Amino acid sequence: MARITKEELLKRLFHDDYEHLKGKRLRMTRLRVPGKEVCLAHIISSSQTCVYQNLGLHIGVHEGEDHTGESIGLIRFTPWEAVVAAADVAVKSADVQIGFMDRFCGSLILTGGLSEVQTAVEEVVRFFGEIPGFHTCDIHRS
């Protein structure tokens, strides 16, 4: 894509008012409006202790638990608030635990058996694609 000058940008943005605004001080602000998207859906089939520890899944409410060998589902959303509904869909669709949920960044980590985590992640992606019409990604597995 070719770069445009500031003047060309202003003409495009304010096409009808450009002549009236010419020579005046303008203040432009950029902001990011997140789209409705499931950005990441990944399943780790069998985890190792170091994975759980690096994700911080062995502290807090899970302190003292050993989840080595369990599966992990990672899902990322925009807007970030969607993670609350996703956690609800996940725990109602399969026997999984919420390892971590961040409603300020849109991250959800699920733990449990492989078939349960897979079912929960698939149901969350399906739900968000069909009901609120989010753009969804493919589910990846490792």
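First residue of the sequence shown: 294, per my numbering; consecutive thereafter.
Beta carbons: idealized from backbone N, C-alpha and C, even for Gly.
Since the model is a prediction, treat every value here as computed from it, not as a measurement.
_Tell me which residues share the same chain as residue 427 and place their Cβ nearer than 7 Å to its Cβ, disregarding the 5 neighbours each side in the sequence._
Excluding its 5 nearest sequence neighbours in each direction, residue 427 has C-beta neighbours in its own chain below 7 Å: 329, 330, 331 and 421, listed in chain order.
*Every unbroken alpha helix (DSSP H) inside the region 370-433 [4 residues or more]*: Listed in chain order, they are 375-386 and 407-423.
*asked:* I'd like to check one pair, residue 367 with residue 402: are the Cβ atoms closer than 7 Å?
replied: Residue 367 is positioned such that its CB atom lies closer than 7 Å to that of residue 402.
*Near residue 435, what residues of its chain come up, given a Cβ to Cβ distance below 6 Å and the 5 sequence neighbours on each side ignored?*
If we look at residue 435 and ignore the five residues flanking it on each side, its Cβ neighbours are 337.
*Run through DSSP, which three-state label would residue 308 get?*
Residue 308: coil per DSSP, three-state reduction.
*Counting only the same chain and skipping the five closest in sequence on each side, list residues whose C-beta sits under 8 Å from that of residue 339.*
If we look at residue 339 and ignore the five residues flanking it on each side, its Cβ neighbours are 362, 363, 364 and 407.
_Between 371, 411, 386 and 413, which has its C-alpha nearest residue 429's C-alpha?_
The shortest Cα separation from residue 429 among 371, 411, 386 and 413 belongs to 371.
_Length of the line joining the Cα atoms of residue 378 and residue 334_ = Their backbone Cα atoms lie some 15 Å apart in a straight line.
*Go to residue 350, then tell me how far its alpha helix (DSSP H) extends in each direction, as first and last residue.*
Residue 350 -> no alpha helix (DSSP H), and no H or E assigned at all.
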